[in-house]
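**Student:** Would you mind keeping the following structure in view while I ask a few things?
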Amino acid sequence: MARIPTHAPAMPADIDVSKPSAARAYDYYLGGSHNWKVDRDFGDRVLQRVPAVKDFALENRAFLRRAVTWLAEQGVDQFLDIGSGIPTVGNVHEIAQKVNPRAHTVYVDYEHIAVAHAQQILDTEDPRRERTDVIRADLRDPVSVLEHPSTRRLLDFDRPVALLMVAVMHFVAPADGVDETMARYRDALAPGSFLVMSHFTREGIPEDMQRQAAALEELYADTPNPGYFRDRAEFTGLFGDLDMVPPGVVWLSDWRPDRPYDGDPARTMVLAAVGRKAGTPLAAGRTPPA
Numbered sequence: 001m002a003r004i005p006t007h008a009p010a011m012p013a014d015i016d017v018s019k020p021s022a023a024r025a026y027d028y029y030l031g032g033s034h035n036w037k038v039d040r041d042f043g044d045r046v047l048q049r050v051p052a053v054k055d056f057a058l059e060n061r062a063f064l065r066r067a068v069t070w071l072a073e074q075g076v077d078q079f080l081d082i083g084s085g086i087p088t089v090g091n092v093h094e095i096a097q098k099v100n101p102r103a104h105t106v107y108v109d110y111e112h113i114a115v116a117h118a119q120q121i122l123d124t125e126d127p128r129r130e131r132t133d134v135i136r137a138d139l140r141d142p143v144s145v146l147e148h149p150s151t152r153r154l155l156d157f158d159r160p161v162a163l164l165m166v167a168v169m170h171f172v173a174p175a176d177g178v179d180e181t182m183a184r185y186r187d188a189l190a191p192g193s194f195l196v197m198s199h200f201t202r203e204g205i206p207e208d209m210q211r212q213a214a215a216l217e218e219l220y221a222d223t224p225n226p227g228y229f230r231d232r233a234e235f236t237g238l239f240g241d242l243d244m245v246p247p248g249v250v251w252l253s254d255w256r257p258d259r260p261y262d263g264d265p266a267r268t269m270v271l272a273a274v275g276r277k278a279g280t281p282l283a284a285g286r287t288p289p290a
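Heads up: the sequence shown begins at 1 in the UniProt record's numbering, then just goes up one per residue.
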């Protein structure tokens, strides 16, 4: 988002400031300032044992930018960004609206600070929430996301929607009904919609990265946001019967790159893909209201 607040929003009373947050640690990896000492201390421990995590964070943002740009160029004008995180430069609505100023975006996160900062920004950029809004909801409860008044107001699910779940599903445990959750989201999408995801994996990464992967899992296990690695087949399964957009399931930096990647893409430890729900061409839909 264009104007990042320099002061913190009011802190909700139910935030546990003694534990690091995945969203705030991610902000720290990206060089952001919306994090606390507990997050920075945790982030430093992670970076000491898993130096690749900063590269992952940067490459993940680059993948998000490329995917949203490509989708907007295909005519997609509705975006549902689940696990959107703390605002940083170049967020989804900004990227999409560079291509189509009338694009609509709904951000979803469970992290209080991520939602509060996004609300601060939108109070300036879109105070009437005409094209963009942010809601606090748990992605494991699809109804709370899909039926939220702001979601229903801004997004028309009879038309194609781009569902973005970038670097978030690896925080959802297998025991939390991942397959059922993803099926509910996919079923809500109209033909011609897209699903964009990235996810940590141990499959196919170099031996030294296996040690970093184990350290990453160990470090996050003691936080409110433990992480779970999935192999290529498990990641692909999250897309159900959607058609994979070329180049299919690849490493982050290999998805429609716009610049050379200096190094082995497998060292990011992250797979990325975009799937499309078969059906009515995008051109058949109506544009969102002005």
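Glycine included, every Cβ here is placed at the ideal spot set by N, Cα and C.
Here the structure is a predicted model, which is why all the values come from computation and not from measurement.
For LEU64, which of VAL38, ARG211, PRO224, GLY83 has the nearest alpha-carbon?
**Tutor:** Counting from one through the sequence shown, the residue named residue 64 turns up at place 64. That would be GLY83, whose Cα lies nearest to the Cα of LEU64.
**Student:** In whole angstroms, give me the CA-to-CA distance for ALA72 and ALA175.
**Tutor:** The count along the sequence shown starts at 1 and reaches residue 72 at position 72. The count along the sequence shown starts at 1 and reaches residue 175 at position 175. Roughly 35 Å separates the two Cα atoms.
**Student:** Return helix, strand or coil for GLY83, following the three-state DSSP convention.
**Tutor:** Walking along the sequence shown from the start, residue 83 turns up at place 83. Reduced to three states, the DSSP call for GLY83 is coil.
**Student:** Tell me whether the beta-carbon of ALA266 lies closer than 8 Å to the beta-carbon of TRP255.
**Tutor:** The residue you call residue 266 lines up with position 266 of the sequence shown. The residue you call residue 255 lines up with position 255 of the sequence shown. Contact: no.
**Student:** Just mark VAL274 as buried or exposed, buried being the case when its beta carbon has 16 or more other beta carbons within 10 Å.
**Tutor:** For the purposes of this step, residue 274 is taken as residue 274 along the sequence shown, with counting starting at 1. Burial state of VAL274 is buried, judged by a 10 Å Cβ sphere holding 16 or more other Cβ atoms.
**Student:** Counting beta carbon pairs with one atom in the stretch 196-213 and one in the stretch 39-56, are three or more of them shorter than 8 Å?
**Tutor:** yes
**Student:** So within the stretch 102-171, which uninterrupted beta strand (DSSP E) runs reach at least 3 residues, ignoring any that extend past its ends?
**Tutor:** The stretch 102-171 contains these whole beta strand (DSSP E) runs: 104-109, 132-136, 162-166.
**Student:** Mind reading off the beta-carbon distance from SER21 to PRO224? Whole number of angstroms is fine, and I expect it under 8 Å.
**Tutor:** Mapped onto the sequence shown, residue 21 falls at position 21. Mapped onto the sequence shown, residue 224 falls at position 224. At roughly 7 Å, the Cβ-Cβ gap stays under 8 Å, so SER21 and PRO224 are in contact.
**Student:** For the beta strand (DSSP E) containing PHE194, name the first residue and the last one.
**Tutor:** Position 194 of the sequence shown, counted from the first residue, corresponds to residue 194. Bounds of the beta strand (DSSP E) holding PHE194 are 194-200.
**Student:** Pick from LEU154, ALA116, ASP126: whose alpha carbon is nearest that of GLU94?
**Tutor:** Looking up residue 94 in the sequence shown gives position 94. Nearest option by C-alpha distance: ASP126.
**Student:** Quick one: which unbroken beta strand (DSSP E) runs of 3-plus residues sit fully inside the stretch 18-95? Chain order, please.
**Tutor:** 78-82
**Student:** For THR124, count the other beta carbons within 10 Å of its own beta carbon; 16 or more makes it buried, fewer makes it exposed. Which is it?
**Tutor:** Locating residue 124 in the sequence shown gives position 124, where the first residue counts as 1. The residue is exposed, with fewer than 16 neighbouring Cβ atoms inside 10 Å.
**Student:** Which residues in the same chain as ASP258 place their Cβ atom closer than 7 Å to its Cβ, once the five residues preceding and following it in sequence are excluded?
**Tutor:** As a working mapping, residue 258 is identified with position 258 in the sequence shown. Once the five neighbours on either side are set aside, the close Cβ partners of ASP258 are ARG66.
**Student:** Among GLY248, PRO247, ASP208, which has the Cα closest to the Cα of MET269?
**Tutor:** If you number the sequence shown from 1, residue 269 lands on position 269. The residue with the shortest Cα to Cα distance from MET269 is ASP208.
**Student:** How is the beta strand (DSSP E) around ALA273 delimited, first residue to last?
**Tutor:** Along the sequence shown, read from residue 1 onward, the residue named residue 273 stands at position 273. From DSSP, the beta strand (DSSP E) with ALA273 extends over 270-276.
**Student:** GLY43: buried (16+ other C-beta within 10 angstroms of its C-beta) or exposed?
**Tutor:** As a working note, residue 43 is residue 43 in the sequence shown. So GLY43 ends up on the buried side.
**Student:** Based on DSSP bridge pairs, tell me the residues matched to VAL250.
**Tutor:** As a working note, residue 250 is residue 250 in the sequence shown. Its beta-bridge partners are ALA272.
**Student:** Does the distance from the C-beta atom of PHE200 to that of PHE229 stay below 8 Å?
**Tutor:** Stepping through the sequence shown from its first residue, residue 200 is reached at position 200. Stepping through the sequence shown from its first residue, residue 229 is reached at position 229. For PHE200 and PHE229, yes; Cβs fall inside 8 Å.
**Student:** Taking only the alpha-carbon atoms, compute the straight-line gap between ASP81 and LEU164 and give it to the nearest angstrom.
**Tutor:** Taking the first residue of the sequence shown as position 1, residue 81 is located at position 81. Taking the first residue of the sequence shown as position 1, residue 164 is located at position 164. ASP81 and LEU164: Cα-Cα distance of roughly 5 Å.
**Student:** Would you report the Cα separation of MET1 and ILE113, rounded to the nearest angstrom?
**Tutor:** If you number the sequence shown from 1, residue 1 lands on position 1. If you number the sequence shown from 1, residue 113 lands on position 113. Unreliable placement is indicated for MET1, whose pLDDT of 46 sits below 50; the coordinate value is still reported in the next sentence. Computed Cα separation, rounded: 15 Å.
**Student:** Any idea if ALA278 is buried or exposed, counting beta-carbon neighbours within 10 angstroms, 16 or more meaning buried?
**Tutor:** Working through the sequence shown from its first residue, we reach residue 278 at position 278. By the neighbour-count rule (16 or more Cβ atoms within 10 Å), ALA278 is not buried but exposed.
**Student:** Count the other CB atoms, across all protein chains shown, that sit within 10 Å of the CB of ARG128; report buried if there are 16 or more and exposed otherwise.
**Tutor:** Start at 1 with the first residue of the sequence shown, and residue 128 comes out as number 128. Burial call: exposed.
**Student:** How many Å lie between TYR157 and PRO191 at the Cα?
**Tutor:** Sequence index remark: in the sequence shown, residue 157 carries index 157 (1-based). Sequence index remark: in the sequence shown, residue 191 carries index 191 (1-based). Just to set this straight, residue 157 is Phe in the shown sequence, not Tyr. Cα to Cα, the separation comes out at about 10 Å.
**Student:** Quick one: what does DSSP say GLY279 is sitting in, helix, strand or coil?
**Tutor:** For the purposes of this step, residue 279 is taken as the residue at position 279 of the sequence shown. If DSSP states are grouped into helix, strand and coil, GLY279 belongs with coil.
**Student:** To which residues of the same chain is VAL145 closer than 7 Å at the C-beta, ignoring the five residues directly before and after it?
**Tutor:** Taking the first residue of the sequence shown as position 1, residue 145 is located at position 145. For VAL145, where only same-chain residues beyond five positions count, the Cβ hits under 7 Å are ILE82, VAL108, ALA137, LEU139, THR151.
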